[in-house]
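Taking it in order: structure first as structure tokens, then the write-up.
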Amino acid sequence: MACTDVELMANIKALSADANAAISAEELTLCDELLLQRQYLIEQLVALANPAQCPRSHAFLLHIMAEDQTQITRLNTLKSGIESQQVTTKRRSKSINRYLAIKQF
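Residues in the sequence shown are numbered consecutively from -8, following the numbering used here.
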């Protein structure tokens, strides 16, 4: 059954909100699945009507792109935090290993 552009936009918006919630909850696997579903719907929307000829679809897609840029920034911040924790954990692990090596003698 074919969806209208309005239905597709509503579904895309709902998936975007769910993905945003998944990012906030740091459920990145779920976020990935939601974004794949959303990508499929966006492709259907683009195939349904040429965004350059349909101002409503074009404006909606520009809005999605702006929201995505915000989410990318949030994810990069999350990634940096995780990488920082990994560096700290490695340093602590090395310190513990040195301490254990000294204690063995």
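Beta carbons: idealized from backbone N, C-alpha and C, even for Gly.
- Selection V37, A12 and L39 evaluated against L26 yields A12 as nearest (Cα-Cα).
- Taking 8 Å as the cut-off, the Cβ atoms of C22 and A10 count as close.
- Sequence-distant partners of E58 (beyond 5 residues in either direction) whose C-beta falls short of 7 Å from its own C-beta, in its chain, are S7.
- Between the C-alpha atoms of T64 and I93 there is a straight-line separation of about 44 Å.
- In the DSSP assignment, T20 falls within the unbroken alpha helix (DSSP H) covering L19 to L39.
- Between the alpha carbons of L66 and Q95 lies a gap of roughly 43 Å.
- In the three-state reduction of the DSSP assignment, A16 falls in the coil class.
- Between the beta-carbon of I3 and that of L36 there is about 7 Å, and that keeps the pair under the 8 Å contact cut.
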